[in-house]
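Count along the sequence shown starting at 1, add 3, and that's the number in the numbering used here.
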Amino acid sequence: MKRVLLLALALSGCAKRDRIVVGAKNFTESDLLAEIVAQQIERRTGLPVERRLHLGGTFVCHRAIMAGDIDIYVEYTGTAFTAILRQPPIADPDSVYRFVTAAYARDFKLRWTAPLGFNNTFAILVRRADAERYGVRSLADLARVAPHWKAGFGYEFLERADGFAGLAKVYGLTFSQPPTSMDLGLTYRALADRRVDVIAGNSTDGQIAKLDLVALSD
């Protein structure tokens, strides 16, 4: 599912203290976006901003904003739709946005901004040398070689319905052993060090080009 970036805002939490608290998930893109948001708030409002970067995954950040520990963080519509609201994945991003904004306002008293203007989604990645050697360019190709390969995935990808469970069901993926669960930041190093043969990253990750990886098509 495509995931459009937006900001989730607490409607009243920031009024309870003399600063705005900006949170972030536990990967580089989220930290960078949180810093951009923090600087924009400082520049445009003059209010002091506290940064709480690299807090954790989706559920950690959601609990933090619900508890009033943070006032704002960047979230993905597809993630909110499937992980927080527990809806089955759909392919229409506009419908997802409308559903998420209404549900968050109704159920959580949280407001979403308009989209930030770019998209990020899961990407299944392999080393280019392996892709060329074994003719692996798509997820269907991966299913053919998966019984001989090892996979390493972040915790959230393993838990989400639109993550590994959905992928395995649709494409019949069976690896040589159950996928290794690891911190998202460690998956790229594990792939580069040949400890695993396939990982799930984010389509905007700079490591894809740096490590000369191939994102498989579906």
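C-beta atoms are modelled at their ideal positions from N, C-alpha and C, and glycine is treated no differently.
(request) Could you spell out where the beta strand (DSSP E) holding residue 183 opens and where it closes? (result) Numbered from its first residue, the sequence shown carries residue 183 at position 180. Element bounds for residue 183: 183-185.
(message) At the level of alpha carbons, what is the spacing between residue 199 and residue 154?
(response) Within the sequence shown, residue 199 is the residue found at index 196, counting from 1. Within the sequence shown, residue 154 is the residue found at index 151, counting from 1. Computed Cα separation, rounded: 5 Å.
(message) Can you look up residue 60 in the DSSP assignment and give me helix, strand or coil?
(response) Reading the sequence shown from its first residue, position 57 is the one you call residue 60. If DSSP states are grouped into helix, strand and coil, residue 60 belongs with coil.
(message) What does DSSP give as the partner residue(s) for residue 28 in the beta ladder?
(response) One-based indexing of the sequence shown puts residue 28 at position 25. Partner(s): 59.
(request) Run the CB neighbour count on residue 209, radius 10 Å, all protein chains shown included, and call it buried at 16 or more, exposed below. (result) One-based indexing of the sequence shown puts residue 209 at position 206. Counting Cβ neighbours within 10 Å, residue 209 comes out exposed, since fewer than 16 surround it.
(request) Indicate the three-state DSSP secondary structure (helix, strand or coil) for residue 139 in the structure shown. (result) As a working mapping, residue 139 is identified with position 136 in the sequence shown. The answer is coil: DSSP assigns residue 139 none of H, G, I, E or B.
(message) Using only the alpha-carbon positions, how far apart do residue 187 and residue 47 sit?
(response) Working through the sequence shown from its first residue, we reach residue 187 at position 184. Working through the sequence shown from its first residue, we reach residue 47 at position 44. Between residue 187 and residue 47, the C-alpha separation is close to 33 Å.
(message) Taking the beta carbon of residue 85 as the centre, do at least 16 other beta carbons fall within 10 Å, making it buried, or is it exposed?
(response) For the purposes of this step, residue 85 is taken as the residue at position 82 of the sequence shown. By the neighbour-count rule (16 or more Cβ atoms within 10 Å), residue 85 is buried.
(request) Would you decide whether residue 181 is buried or exposed? Buried here means 16 or more other CB atoms lie within 10 Å of its CB. (result) The count along the sequence shown starts at 1 and reaches residue 181 at position 178. Counting Cβ neighbours within 10 Å, residue 181 comes out exposed, since fewer than 16 surround it.
(request) Report the rounded CA-to-CA distance for residue 88 versus residue 81, giving the unit in angstroms. (result) As a first step, residue 88 must be located in the sequence shown, where it is residue number 85. As a first step, residue 81 must be located in the sequence shown, where it is residue number 78. Rounded to whole angstroms, residue 88 to residue 81 spans 10 Å at the Cα level.
(message) Tell me which residue opens and which closes the beta strand (DSSP E) that residue 129 is part of.
(response) As a position in the sequence shown, residue 129 is number 126, starting the count at 1. 125-130 is the span of the beta strand (DSSP E), which, as asked, contains residue 129.
(request) Return helix, strand or coil for residue 210, following the three-state DSSP convention. (result) By 1-based counting over the sequence shown, the position of residue 210 is 207. Three-state result, residue 210: helix.
(message) If I measure Cβ to Cβ from residue 137 and keep anything under 7 Å in the same chain, skipping five residues before and after, which residues do I get?
(response) By one-based count along the sequence shown, residue 137 stands at place 134. Excluding positions up to five away in sequence, the list reads 148.
(message) For residue 152 and residue 179, I'd like the C-alpha separation in whole angstroms.
(response) Residue mapping note: residue 152 aligns to position 149 of the sequence shown, counting from 1. Residue mapping note: residue 179 aligns to position 176 of the sequence shown, counting from 1. Cα to Cα, residue 152 sits roughly 6 Å from residue 179.
(request) With residue 106 as the anchor, note down where its alpha helix (DSSP H) starts and where it stops. (result) If you number the sequence shown from 1, residue 106 lands on position 103. Where residue 106 is concerned, the enclosing alpha helix (DSSP H) stretches over 96-106.
(message) I need the straight-line Cα distance from residue 214 to residue 126, nearest angstrom please.
(response) Locating residue 214 in the sequence shown gives position 211, where the first residue counts as 1. Locating residue 126 in the sequence shown gives position 123, where the first residue counts as 1. Straight-line Cα distance between these residues: approximately 14 Å.
(message) What does the Cβ neighbour count give for residue 78, buried or exposed, with the cut at 16 atoms within 10 Å?
(response) The sequence position of residue 78 within the sequence shown is 75, counting from 1. The residue is buried, with at least 16 neighbouring Cβ atoms inside 10 Å.
(request) Leaving out five residues on either side along the sequence, give the residues of the same chain with a beta carbon under 6 Å from the beta carbon of residue 141. (result) Position 138 of the sequence shown, counted from the first residue, corresponds to residue 141. These residues qualify, in order along the chain: 219 and 220.
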